[in-house]
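Here's the structure we're looking at; comments come further down.
In the working numbering, the protein residues as written are 29 to 153.
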């Protein structure tokens with residue numbers, strides 16, 4: 029049902045720069061891009077049935093070192109807690125080479141995909 033740890037590698041592209049994402053003016057890895065990669069890695073820890081998905085409910089990260097365009101970033105997500113087989117807590121880390129560039133906690137909750145989408149669109153009409 030799950031892997032306790034997942035790891036991905038991504039390359040900083042122009043679309044993921046702070047200047048491109050409007051999260052800052054510099055041409056360095058944007059914090060929102062790093063966070064998206066952390067969520068992606070966390071999702072890979074979960075092996076879910078087709079009708080079940082997970083949604084992010086909380087994230088608290090520090091981005092402690094800048095990374096340039098073209099840098100290879102390694103993201104590691106580790107499950108740290110499971111509540112009622114539904115709520116998953118993760119420790120997520122981002123590295124450029126051996127240097128830690130970001131870390132923090134993340135939570136995801138399992139939901140029925142169809143019901144979740146139906147509730148979302150019904151609520152917003």
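Glycine residues also receive a C-beta, built at the ideal position from the N, C-alpha and C atoms.
Would you tell me roughly how many angstroms separate the C-alpha atoms of residue 70 and residue 88, rounded to the nearest one?
Approximately 14 angstroms between the Cα atoms of the pair.
Please list, in chain order, all residues of the same chain as residue 110 whose beta carbon is under 7 angstroms from its beta carbon, the five residues on each side excluded.
Within the same chain, residue 110 has close Cβ partners 116.
When you compare only the Cα positions, how much space is there between residue 41 and residue 48?
Using only the alpha carbons, I get a separation of about 10 angstroms.
With distances taken between CB atoms, is the gap from residue 1 to residue 107 smaller than 9 angstroms?
There is no way to answer for residue 1, as the model of the chain reaches only from 29 to 153.
Helix, strand or coil: which one does DSSP assign to residue 46?
Residue state, collapsed to three classes: helix.
Residues bridged to residue 34 by DSSP?
Paired residues: 105.
Within this structure, are the beta carbons of residue 135 and residue 84 separated by less than 9 angstroms?
The answer is yes: Cβ separation under 9 angstroms.
Judging by CA-CA distance, which residue of 39, 94, 64, 131 is the nearest neighbour of residue 119?
For residue 119, the nearest C-alpha among the options comes from 131.
Below 7 angstroms CB to CB, which residues in the same chain sit around residue 142 once its five sequence neighbours on both sides are set aside?
Counting only Cβ-Cβ distances below 7 angstroms, and skipping sequence neighbours, we find 79.
What residues match up with residue 97 in a beta bridge as DSSP calls it?
None; residue 97 has no bridge partner.
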